[in-house]
Amino acid sequence: MKCKRRCLIRVFTFGIFALTVLIARNFMLMDEARRNTLVLNASYASALEQLADACKNISETLEKELYAGSEKTHKDLSVKLYQQASAAKTALSQLPMGRAQTNNTYKFLSQVGNYSLAVGKKLDKDKGISTKDYENISKLYDFSKKLAQNISEMESALNAGEIDFSDAQIDTQGVPEVTDGFSDFEQDFKDYPSLIYDGPFSDNIMEKKPKMTQNAQQVSRKKALEKCCMAMNISANDLEDTSEVGGNMPAVRFSNKDNTVCCEVTKNGGYISYFLKSRPVEEEKMSRQQALKTGEKYLDYLGILSMKTTYYDIHNGIMTVNYAYDDLGTCVYTDLIKLSIALDNGEILGFDARGFLVNHTKREHPKKLFSKLRAQERVSPKLTVQSSRLAVIPTENLEEKLCYEFKCKAKNGRNVLVYFDALTGEEQQILLLVESPSGTLTV
Numbered sequence: 011m012k013c014k015r016r017c018l019i020r021v022f023t024f025g026i027f028a029l030t031v032l033i034a035r036n037f038m039l040m041d042e043a044r045r046n047t048l049v050l051n052a053s054y055a056s057a058l059e060q061l062a063d064a065c066k067n068i069s070e071t072l073e074k075e076l077y078a079g080s081e082k083t084h085k086d087l088s089v090k091l092y093q094q095a096s097a098a099k100t101a102l103s104q105l106p107m108g109r110a111q112t113n114n115t116y117k118f119l120s121q122v123g124n125y126s127l128a129v130g131k132k133l134d135k136d137k138g139i140s141t142k143d144y145e146n147i148s149k150l151y152d153f154s155k156k157l158a159q160n161i162s163e164m165e166s167a168l169n170a171g172e173i174d175f176s177d178a179q180i181d182t183q184g185v186p187e188v189t190d191g192f193s194d195f196e197q198d199f200k201d202y203p204s205l206i207y208d209g210p211f212s213d214n215i216m217e218k219k220p221k222m223t224q225n226a227q228q229v230s231r232k233k234a235l236e237k238c239c240m241a242m243n244i245s246a247n248d249l250e251d252t253s254e255v256g257g258n259m260p261a262v263r264f265s266n267k268d269n270t271v272c273c274e275v276t277k278n279g280g281y282i283s284y285f286l287k288s289r290p291v292e293e294e295k296m297s298r299q300q301a302l303k304t305g306e307k308y309l310d311y312l313g314i315l316s317m318k319t320t321y322y323d324i325h326n327g328i329m330t331v332n333y334a335y336d337d338l339g340t341c342v343y344t345d346l347i348k349l350s351i352a353l354d355n356g357e358i359l360g361f362d363a364r365g366f367l368v369n370h371t372k373r374e375h376p377k378k379l380f381s382k383l384r385a386q387e388r389v390s391p392k393l394t395v396q397s398s399r400l401a402v403i404p405t406e407n408l409e410e411k412l413c414y415e416f417k418c419k420a421k422n423g424r425n426v427l428v429y430f431d432a433l434t435g436e437e438q439q440i441l442l443l444v445e446s447p448s449g450t451l452t453v
């Protein structure tokens with residue numbers, strides 16, 4: 011009897027143990043599956059983000075092609091367009107969609123790439139851009155806008171949880187497919203024709219050696235602190251000498267105890283290169299014009315003269331303004347200063363003069379220039395020139411180029427900036443102005 015009882019206890023104990031192991035294993039498998047799903051969803055979300063960016067870039071480049079007036083610009087844009095189309099196809103291939111759902115989109119992206127190569131080859135043979143070419147580019151652009159918009163809406167739906175890749179069906183080869191949400195933009199492209207891109211110029215600033223600090227005398231830390239306090243209207247007792255900044259523009263960094271205030275002063279020359287105050291802006295009480303005047307007065311207070319407003323943007327109650335140096339009527343985009351102005355009381359919350367310190371110098375502009383009228387004649391026929399001026403812009407190799415800047419308007423109302431070399435008359439750059447109630451930016 012006792013033996014039988016012990017056997018029953020052993021069987022029961024073994025059963026409980028086996029059940030516990032089984033439950034634990036199931037939980038482990040479920041947890042592993044959940045982790046795998048999260049990783050998979052993250053990779054799909056990343057691919058969708060890359061696709062959205064690529065499609066937006068394609069649309070912007072095609073629009074620039076419409077406004078390009080020279081063969082060199084067309085050739086440069088066609089190379090960029092091919093790269094962007096390839097990037098979009100790669101991103102699309104990483105999404106869990108059956109080929110049947112993306113045939114038209116693949117076809118469209120392929121034809122964008124192939125057409126860009128055809129334009130490049132045509133230009134290599136010294137054949138110009140024809141009216142038919144412009145028509146084809148215009149058609150491609152119209153469909154690219156639809157694609158970019160639909161992909162952007164899909165990305166928003168994914169972020170809002172309306173699309174879940176974990177719910178994807180599995181095809182015959184074991185690859186997940188998502189059918190919901192993709193048929194709409196495929197439908198948009200079924201009838202497209204068969205056919206044979208902070209303020210401008212602000213990139214790579216810190217890669218150059220600063221012209222204003224190169225031969226300037228070194229200042230003491232006490233002097234640097236005084237400059238910082240003057241610029242930020244703050245007591246020296248509230249700041250600490252926290253660290254040093256290396257690189258091409260060595261500086262001393264000061265901050266307060268809770269790191270809501272930070273300021274950098276160059277060792278050579280004692281220039282304020284950068285500062286930031288972190289605080290929320292609850293209510294916008296100032297108008298745009300009041301804020302812009304406040305910014306101009308602040309630059310005068312610092313002794314930085316001849317700076318003109320170029321573009322601005324408003325976010326969370328803070329207006330960030332780009333100022334460029336005005337050299338007797340020539341807009342020098344390379345000599346850039348940015349201010350962040352709180353719209354509740356006009357306090358200067360941010361200051362960035364690194365572009366100005368790197369590039370500002372006395373310039374001797376050539377007197378013998380290419381005819382501005384002849385340069386204007388080279389502007390794309392798709393654009394109407396509204397105004398013009400001389401401007402200094404940076405080149406890709408970190409040098410400067412004197413150009414004619416033509417502010418133009420396209421037939422669809424888009425404002426476009428086109429730049430022609432003031433010495434040779436060759437087209438150099440095209441920028442699209444993105445205008446909204448919060449400000450104006452360029453792409």
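Position one of the sequence shown corresponds to residue 11 (this note's numbering), numbered consecutively onward. All residues carry an ideal CB built from backbone N, CA and C; glycine is no exception. Nothing here was measured: the structure is a model prediction, and the numbers come from that model.
If we ignore side chains and look at the alpha-carbon of each, how far apart do residue i and residue j end up?
i    : j    : result
N425 : K417 : 7 Å
T434 : R399 : 16 Å
Q300 : A95  : 44 Å
L393 : Y414 : 15 Å
Y308 : N247 : 23 Å
A401 : R298 : 25 Å
Q439 : E374 : 23 Å
E145 : L346 : 38 Å
V262 : T276 : 6 Å
A101 : A64  : 8 Å
L133 : Y429 : 21 Å
K66  : A226 : 45 Å
A334 : R289 : 27 Å
P203 : L412 : With a pLDDT of 46 at P203, under the threshold of 50, the modelled position of that residue is not reliable, and the figure given next carries that caveat. C-alpha separation (whole angstroms): 41 Å.
D251 : C238 : 11 Å
L119 : T320 : 36 Å
E436 : S230 : 48 Å
E387 : L427 : 15 Å
L205 : S103 : Because L205 carries a pLDDT of 43, less than 50, the predicted location of this residue cannot be relied on, and the following value inherits that uncertainty. Computed Cα separation, rounded: 23 Å.
D337 : G423 : 30 Å
I161 : S253 : 45 Å
Determine the closest residue to residue i out of the options, with distance taken between C-alpha atoms.
i    : options                   : result
L441 : A64, T71 and A57          : T71
M296 : N269, K277 and M329       : M329
P220 : Q299, S381 and G365       : G365
M147 : S103, E254, N243 and H84  : It is Ile, not Met, that sits at residue 147 in the sequence shown. Closest option to I147, Cα to Cα, is H84.
F264 : E357, Y284 and C65        : Y284
G279 : L235, T223, L150 and I314 : T223
S446 : N124, G313, Y322 and Y343 : Y322
Y125 : N160, S103, K372 and V89  : V89
E406 : L235, M164, S397 and T344 : T344
N326 : G313, I351 and C238       : I351
V342 : I324, L349, E357 and K318 : K318
G130 : A363, E75, G423 and K411  : E75
P404 : N369, Y311 and K267       : N369
I358 : D336, K377, T340 and V331 : V331
E293 : L119, I324, A97 and L302  : I324
K377 : D362, T340, A158 and K156 : T340
D362 : T371, M242 and A97        : M242
E410 : T371, E163 and I244       : T371
Could you please give the first and the last residue of the uninterrupted alpha helix (DSSP H) stretch that includes residue i?
i    : result
M222 : Run containing M222: none; DSSP gives neither H nor E here.
Q438 : Looking at the DSSP string, Q438 is not in any alpha helix (DSSP H); the run it does join, the beta strand (DSSP E), is E437 to S446.
S166 : T141 to N169
K382 : K382 to E387
Residue i and residue j: beta carbons closer than 8 Å?
i    : j    : result
I282 : C273 : yes
S69  : S154 : yes
M259 : L367 : yes
D354 : V444 : no
K99  : Y77  : no
A62  : E165 : yes
G360 : L286 : yes
Q396 : K421 : no
G313 : L349 : no
E81  : Y151 : no
L383 : A432 : no
Y92  : G138 : no
L408 : K218 : yes
Y54  : L87  : no
N269 : L249 : no
S316 : G79  : no
L168 : L58  : yes
How would you write the range of the beta strand (DSSP E) that residue i sits in, first residue to last?
i    : result
E410 : E410 to A420
T434 : That residue, T434, is in no beta strand (DSSP E); it is neither H nor E in DSSP.
P391 : Segment: none, P391 is in no beta strand (DSSP E) and carries neither H nor E.
T320 : M317 to H325
message = Restricting to runs no shorter than 4 residues, where is the alpha helix (DSSP H) found entirely within the region 336 to 363?
response = Annotation note: the region 336 to 363 contains no uninterrupted alpha helix (DSSP H) run of length 4 or greater.
request  = Would you mind listing the beta strand (DSSP E) stretches within the region 224 to 300 that are 3+ residues and don't spill past its ends, in chain order?
outcome  = The qualifying runs are 250 to 255, 261 to 265, 271 to 276 and 282 to 287.
message = Just to confirm the assignment: which complete alpha helix (DSSP H) runs, minimum length 4, are found wholly within the region 76 to 110?
response = Runs of the alpha helix (DSSP H) inside the region 76 to 110: 81 to 103.
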